[in-house]
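These notes concern the structure reproduced below.
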Amino acid sequence: MDDPEFSCVESRRDLFHLKMPRRLSNMSLLTHVLACLFGMGSWVAINGMWVELPLIVPEIPEGWYLPSYLTILIQMANIGPLLVTLLHRFRPGALNEPAVIYAIVSMGCVACLLLAFLWKRTVEIAGSAHSVPLLVLTFFLSVVDCTSSVTFLPFMMCLQPQYLTTYFIGEGLSGLVPALAALVQGVGVVHCRNSSHISNGTLVNGSGAASELEAHYQPANFSAEAFFIFLSAMMAVCLFAFLLLNRHPGVRREHEEGRYLSAGAGVGKEEQGLRLRSQQEEKPMIAPVDHHQKECRSSFGTGTYSGLQVVFIFVVLAWVNALTNAVLPSVQSYSCLPYGNKAYHLAATMAALANPLACFIAMFVPIRSLLLMTFLTVSGTGIGAFIMAMASLSPCPLLVNRTSGTVLIVSSSLSFLTWKGCVCLKNFKWPIRIENSLMRICVCFPERRL
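Counted from 1, the sequence shown has number 17 at position 17 by full-length UniProt numbering; the numbering is strictly sequential.
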């Protein structure tokens, strides 16, 4: 006869094993959600600032110069990742990356919140007003986002590899979500209306009298202050997601054994850092020559390149990033604003939407032909030259005050950002730094084999 107590224990054990996969599945889903929310905080601040420029530019003393100032500030903010890189190079394992992430995300949250109240404030310098609070806070946001590129990803590599793809999806959403919010926000529109006025104590109307046009400003659906508060909330969500990824007991079990560098690693932390760096660098960018192939030669469309071709690819990459991250963004106000605030708003927001979408579509066309890359580079450079020409002709570019001109400049901006995504994704399998794009899902993740 079976022991009832023993049978009860066995039943509980079987029930426990039945529930374990479901618990693990729920925890895996939670980790995926947290990884996505964590990735959304990587570039959301600067992407949000960029799509908000159509509302900010008309309100501040810098006016059309503001995109140029922001471009310089963003490039100067690369001092953050430079310092992190130097620490990893000369003091491997000495940097407490979770502490750095806590610091930069908290700084981004506070900076976005301060922008909501200070972006219109000016300071008089040398007899002229300048938006010092806006520029200073934007610099801090740039440091946050630039530094996230070299701190968020190493932390995510401590998790199981499947969560890296989810992180890249979240990083792509860091540009998509602010753009959608900006589309909902809209842009202020000025309407001209006929109105009568009083002359010599007599009401003068349209019949045999004088009338004039008055500008009536229709504001956006919600203010720039509300938009910056929204960005601050997104940074707070990123901070909360990182807190759970770093501290939640269930999520900590998802960390790969021996890969997590906690603050209490002690004396062996530097050795762990050296071991981690050697693991990260064990896969070369260019495959070594095997015994059956003396020289890596190009095969049309296969992605096998010689050394000279690799140099050409990186020259193209430098050219693409120079145009998309520095040259054309700095003159966007000059190329778009002559066609109206609505054209500027659509060019900024729709480009932010088109870039991830184009990269996602291009993932399904794995063409690595240098001939195709050359054709795309020449055509994209032509589009960029047209945008630069319109900026140089500002404030009277081609087809100004015409609907066709608005359509042309907006479609040119969209085409240029789409070209950027297609060129980079079609031709590079290894990790490449491209901001605000879902292309990292297939560019970086397939190359990680830890």
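Quick reminder that beta carbons are idealized off the backbone N, C-alpha and C, glycines included. Fair warning: this is a prediction, and the values are worked out from it, not measured in the lab.
Do Ile56 and Cys146 have their C-beta atoms within less than 9 Å of each other? Not in contact: Ile56 and Cys146 (Cβ atoms no closer than 9 Å).
Between the beta-carbon of Val123 and the beta-carbon of Val110, is there less than 9 Å? no
Just to confirm my understanding: we take Ser68, look at its own chain, exclude 5 residues before and 5 after, and list those with CB closer than 6 Å. What are they? Ser330
In the DSSP output, which residue or residues are listed as bridge partners for Val123? His130
How many Å lie between Gly206 and Trp64 at the Cα? Residue confidence is low: Gly206 scores 49 on pLDDT, short of 50, so the model does not pin down where it sits. Its coordinate-derived value is still stated next. Cα to Cα, the separation comes out at about 38 Å.
State yes or no: is the C-beta of Phe38 within less than 9 Å of the C-beta of Met156? yes
Nonlocal neighbours in the same chain, by C-beta distance under 8 Å from Met388, ignoring five residues either side: Val327, Leu328, Val331 and Ser335
Since Glu171 contacts Ser42 with CB under 8 Å, what's their CB separation in whole angstroms? 5 Å
Taking 8 Å as the cut-off, is the CB of Ala181 close to at least one heavy atom of the ligand GTP? With respect to the ligand GTP, the structure shown offers nothing to examine, as it has no ligands at all.
Burial state of Leu308 (16 or more Cβ within 10 Å): exposed
Three CB pairs or more closer than 8 Å across the region 369-381 and the region 313-322: Touching, per the Cβ criterion.
Report yes if the CB atom of Ile101 is closer than 9 Å to the CB atom of Phe152, and no otherwise. Cβ atoms of Ile101 and Phe152: closer than 9 Å.
Same chain, Cβ closer than 7 Å to Val410, five either side skipped, listed in chain order: Ala343, Leu346, Ala347 and Met350
Through-space distance from Val316 to Val105, alpha-carbon basis: 33 Å
DSSP three-state label for Lys269, please. Low confidence applies to Lys269: its pLDDT is 46, below 50, so where it sits in the model is not reliable enough to give any reading.
Can you list, in chain order, the residues of its chain with a C-beta nearer than 7 Å to that of Leu414? Leave out the 5 residues immediately preceding and following it. Correct list, in chain order: Met350, Ala351 and Ala354.
Give the DSSP-derived three-state secondary structure of Gln218 in the structure shown. Correct three-state label for Gln218: strand.
Measuring alpha carbon to alpha carbon, tell me which residue in Asn401, Ala391, Asn341 and Ser412 is nearest Pro219. Asn341
Beta-carbon separation of residue 451 and Phe228 under 9 Å? Since the displayed the chain opens at 1 and closes at 450, residue 451 lies outside it and no answer follows.
Which class does Leu308 belong to by DSSP, given the choice of helix, strand or coil? helix
Shortest alpha-carbon distance to Leu371 belongs to which of Ala129, Val44, Thr418 and Ile313? Looking at the Cα atoms, Ile313 is the closest of the given residues.
With a cut-off of 8 Å on the beta carbons, I'd call Met107 and Phe140 a contact; round off their distance for me. 6 Å
Mind checking Ile125: buried by the 16 CB within 10 Å criterion, or exposed? exposed
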